[in-house]
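Worksheet: one structure, shown below.
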Amino acid sequence: MAHAPQSNFQNPVVNWIDQRLPVFSMISKEYGVFPTPRNFNYLWNFGAIAMVVLVTMILSGVVLAMHYTNNTALAFDSVERIMRDVNWGWMIRYIHANGASMFFIAVYIHIFRGLYYGSYKTPRELVWIFGVVILLLMMGTAFMGYVLPWGQMSFWGATVITNLFSAIPVVGEHIVTLLWGGFSVDNPTLNRFFALHFLLPFVLIAVVFLHVSAFHMTGSNNPLGIEPKGPQDTLPFHPYYTTKDLFGIMLFLIVFAAFVFFAPNYLGHPDNYIPADPLVTPAHIVPEWYFLPFYAILRSITFSITLPFTDVVLIPAKLGGVIGMFGSIAILFVLPWLDTSPVRSSRFRPIFRWWVLLWLVPAFLVLGYVGGKPAEQPFVLLGQIATVMYFVFFLALPIIGRIEKPLPLPTSIAKPVLGGGSVATGATAQVMEKA
Amino acid sequence: MADTMQAGDGQTRRDFIYLAAAAMGGVGAATALWPFIHSLNPAADTLALASIEVDLAPIATGQAIKAMWRGKPVFIRNRTPEEIDQARKVPMAELIDPQADQDRVKAGKENWLILVGVCTHLGCIPLGTSSGEPRGDYGGWFCPCHGSHYDTAGRIRKGPAPLNLHVPEYAFISDTRVKVG
């Protein structure tokens, strides 16, 4: 007991606990006095918003699991029973179904913010990498959740996506059989998807904890992308950002509620209200909207890559599509090393700023549009152009880092925020100062 | 052992024991993992439902039916002589996945084309079995998901699918009965 921590809480019970397990000290340090840059804009709300949506999904999901029946003969009807007979079941299910969309909206904005303000740069590479892992886990969880109601889109979406793995050379077919637990998407598949759909959100919580822990070591980035130099540049997290986050959360929840109560099926596909039929493929299989950009990349690779001057196929079209789709996420892992510019915020990067806004963002939006269209011209060509644009965005970053002349950085966060007149140092070389 | 291990070269018996123990532990862990992975493969009852018998008598020339086999459809098509002719006229060089029509049907039963009705691209069910459905540019099947066209021998002719529709294992029990699987 030589190093018994000193706790100074008013409440003796809190004090007693804190001396033995310093959770209250930790909460106070990380969420009370935690020094946070004073210049956050509203884009910084979306981490907290995503967290609130995650909690909402877990709470609504646990209740739904108590009413859901995990069997191909009963699943569809059990979901209809939730909608019609279970008390408030319709609302809980609509919260859960639209919550998935809200989660992706929040996370896509959050990722865009990280990209635009260079939040992935040293020393926050691990924060970013954990973030990409979170995105992958979300995608897996959302995909498996969509299978559970066992409608036509559930079944055929699962069929198309699990078949992606058959593109892997040699072992592909065996992997698909292993995923299915049979010769097609069937009851064993539904059972394991339900188990994983229940498990993965808790894995997600663990990775979110690592994500948050990592940026509590480095401190948050901010719209200027320069490190705080002292107390004049920061505010305690509570009450300043607890309040601001809460305000953003309330606005977001209004939008969320508007979908749940006024347009609960707007983001869904009507075919998923038709029970799954293994003998009839819907005329037009589309994934949920948040997967459309990646689905478009998958479908854009319509050609095989052969050894030059021969007919030897190195990468068949199907494998090429799969590589493209997974590659579009995998490339995010190396983004911190592709972007060689030492300046974080786009505000001071005249080329990168427009490279994001006028190149990457349109490419991503076009991919999303094409992903929802049938696989025919002109959409195929449009998708191919946007796919090339997406990858060129990342591959050109080392060149941009070299040729771009960043604008002068402010000397501190406090100066431009508090209106200290001329804020520029004029020295472009003075970048990324250590706090 | 002691003679072969010189003190001072950085290797000790203890290093060897560490490595051997870690290797043994690794093998043990992998072995223990296998039952859990293999439990996800098709179970005995799933494998037991592996074959079906189909009555061919009601299928007139030019018609086709779908039967359910292993959780997926099997297309059984009674081809017209023109369709057979059309499939056999195609030069091998034109095919994406070259295979002669003769190798996809049983000798003496050339009119019966039996295929697993799953697109080899991403597993959709191609259209063209029921009358009125689009049969694609080559008179066989058309997959609406990503636009693959199959010919009257179920061979891939156009679109993203890499392979011909699979021919399942089957045998004629009589002139009007076939056993698939």
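Residue numbers (my numbering), protein chains in the order written: chain A, 1 to 435; chain B, 1 to 181.
Heads up, the beta-carbon is just placed ideally off N, CA and C, and yes, glycines get one too.
Next on the checklist: Can you give me the C-alpha to C-alpha distance between Ala427(A) and Phe155(A), rounded to a whole angstrom?
Outcome noted: Only weak support is given to the placement of Ala427(A): the predicted model assigns it a pLDDT of 40, under 50, and the value that follows is read from those uncertain coordinates. In this structure, the CA atom of Ala427(A) is about 59 Å from the CA atom of Phe155(A).
Next on the checklist: Beta carbons nearer than 8 Å to chain D: which residues of the segment 312 to 331 of chain A have them?
Outcome noted: No chain D appears in this structure, whose protein chains are A and B.
Checklist entry - In chain order, which alpha helix (DSSP H) runs of at least 4 residues are fully inside the segment 360 to 412 of chain A? => result Entirely contained in the segment 360 to 412 of chain A, the alpha helix (DSSP H) runs reaching 4 residues are, in chain order, 361 to 371, 379 to 395, 397 to 403.
Checklist entry - Closest to Ala153(B) by CA distance: which of Val27(B), Leu122(B), Pro98(B), Cys145(B) is it? => result Per the Cα distances, Pro98(B).
Checklist entry - Is Val208(A) closer than 8 Å to Met57(A) when the C-beta atoms are compared? => result Contact: no.
Checklist entry - Can you give the Cα-Cα distance for Phe391(A) and Pro223(A), rounded to whole angstroms? => result Distance between the alpha carbons of Phe391(A) and Pro223(A): 26 Å.
Item to check | For Ile125(B) and Val280(A), the rounded distance between their alpha carbons | outcome: Counting only the Cα atoms, Ile125(B) lies some 6 Å from Val280(A).
Next on the checklist: Residues of chain A with CB closer than 8 Å to the CB of His146(B), please, in chain order.
Outcome noted: Around His146(B), the beta-carbon contacts reaching into chain A at under 8 Å are Arg299, Ala375.
Checklist entry - Hey, does Val280(A) have any beta-carbon neighbour from chain B nearer than 8 Å? => result With 8 Å as the cut-off, Val280(A) counts as an interface residue toward chain B.
Item to check | Option nearest Tyr295(A) by Cα separation, candidates Pro374(A), Pro342(A), Asp277(A), Pro231(A) | outcome: The option with the nearest alpha carbon to Tyr295(A) is Pro374(A).
Next on the checklist: Give the list of continuous alpha helix (DSSP H) stretches no shorter than 4 residues that lie fully inside the segment 11 to 40 of chain B.
Outcome noted: Segments of the alpha helix (DSSP H) lying fully in the segment 11 to 40 of chain B: 13 to 38.
Item to check | Residues bridged to Thr36(A) (per DSSP) | outcome: DSSP lists Leu235(A) as the beta-bridge partner residues of Thr36(A).
Next on the checklist: If the criterion is Cβ atoms closer than 8 Å, does the pair Val74(B) and Asp151(B) meet it?
Outcome noted: When the beta-carbon positions are compared, Val74(B) and Asp151(B) stay at least 8 Å from each other.
Item to check | Rounded separation between Ile134(A) and Ser101(A) - CA only | outcome: Each residue's alpha carbon lies about 15 Å from the other.
Checklist entry - Does the beta-carbon of Gly230(A) have 16 or more other beta-carbons within 10 angstroms, so that it is buried, or is it exposed? => result Answer is exposed; the Cβ neighbour count stays below 16.
Next on the checklist: Taking the straight line between their C-alpha atoms, what separation do you get for Leu19(B) and Pro188(A)?
Outcome noted: Within the model, the alpha-carbon separation for Leu19(B) versus Pro188(A) is close to 40 Å.
Checklist entry - Got a sec: which bits of the segment 59 to 92 of chain B sit with their beta carbon under 8 Å from any beta carbon on chain A, in order along the chain? => result Residues passing the 8 Å Cβ filter: Lys66, Met68, Arg70, Gly71, Lys72, Pro73.
Checklist entry - Can you list, in chain order, the residues of its chain whose CB lies under 7 Å from that of His218(B), leaving out five sequence neighbours each side? => result Nothing can be reported for residue 218(B): it is not among the residues displayed for chain B, which extend from 1 to 181.
Checklist entry - Fully enclosed by the segment 262 to 314 of chain A, which beta strand (DSSP E) runs are 3 residues long or longer? => result Counting only runs of at least 3 residues, the segment 262 to 314 of chain A fully encloses no beta strand (DSSP E) element at all.
Checklist entry - Any Cβ of chain A within less than 8 Å of the Cβ of Gly123(B)? => result Cβ-Cβ to chain A under 8 Å: yes for Gly123(B).
Item to check | Integer-rounded CB distance, given that Leu64(A) should sit under 8 Å from Arg93(A) | outcome: Yes, Arg93(A) and Leu64(A) are in contact; Cβ-Cβ is about 6 Å, under 8 Å.
Checklist entry - Does the Cβ of Leu164(A) have 16 or more other Cβ atoms within 10 Å, making it buried, or fewer, making it exposed? => result Buried: at least 16 other Cβ atoms inside 10 Å.
Checklist entry - Looking at the structure shown, is Asp55(B) part of a helix, part of a strand, or coil, going by DSSP? => result Annotated three-state conformation of Asp55(B) is strand, per DSSP.
Checklist entry - Which residue's Cα is closest to the Cα of His121(B): Leu360(A), Arg299(A), Asp18(A)? => result Among Leu360(A), Arg299(A), Asp18(A), the Cα nearest to that of His121(B) belongs to Arg299(A).
Checklist entry - Are at least three pairs of beta-carbons, each pair with one atom in the segment 233 to 241 of chain A and one in the segment 140 to 153 of chain A, less than 8 Å apart? => result Put simply, the segment 233 to 241 of chain A does not touch the segment 140 to 153 of chain A. Fewer than three CB pairs are less than 8 Å apart.
Item to check | Supposed contact pair Ile297(A) and Gly324(A) - C-beta distance, whole angstroms, cut 8 Å | outcome: That pair is a contact at about 5 Å.
Item to check | Member of Ile399(A), Thr387(A), Glu376(A) whose CA lies at the smallest distance from the CA of Asp339(A) | outcome: The shortest Cα separation from Asp339(A) among Ile399(A), Thr387(A), Glu376(A) belongs to Ile399(A).
Checklist entry - Alpha carbon to alpha carbon, how far is Ala57(B) from Thr129(B)? => result So the alpha carbons of these two residues sit roughly 17 Å apart.
Next on the checklist: Whether or not the segment 409 to 418 of chain A and the segment 354 to 365 of chain A are in contact is what I'm after, with contact meaning three or more pairs of Cβ atoms, one per stretch, closer than 8 Å; do they touch?
Outcome noted: They do not touch, by the three-pair rule.
Next on the checklist: Between Asp55(B), Phe36(B), Ala22(B), which has its C-alpha nearest Thr176(B)'s C-alpha?
Outcome noted: The option with the nearest alpha carbon to Thr176(B) is Asp55(B).
Checklist entry - Residues of chain A with CB under 8 Å from Asn41(B), in chain order? => result Taking a Cβ-Cβ threshold of 8 Å, the residues of chain A close to Asn41(B) are Thr177, Leu178, Gly181, in chain order.
Item to check | Rounded separation between Val107(A) and Leu136(A) - CA only | outcome: The alpha-carbon atoms of Val107(A) and Leu136(A) are separated by roughly 12 Å.
Checklist entry - Using the beta-carbon count (16 or more within 10 Å), is Val171(A) buried or exposed? => result By the neighbour-count criterion, in which 16 or more other beta carbons inside 10 Å mark a residue as buried, Val171(A) falls on the exposed side.
Checklist entry - Name the chain B residues whose beta carbon is nearer than 8 Å to that of Val160(A)? => result For Val160(A), the residues of chain B that pass the 8 Å Cβ criterion are Leu122, Gly123, Cys124, Cys145, in the order they occur in the chain.
Next on the checklist: According to DSSP, Asp151(B) sits in a beta bridge with which residue or residues?
Outcome noted: Answer by DSSP bridge pairing, in chain order: Gly139(B).
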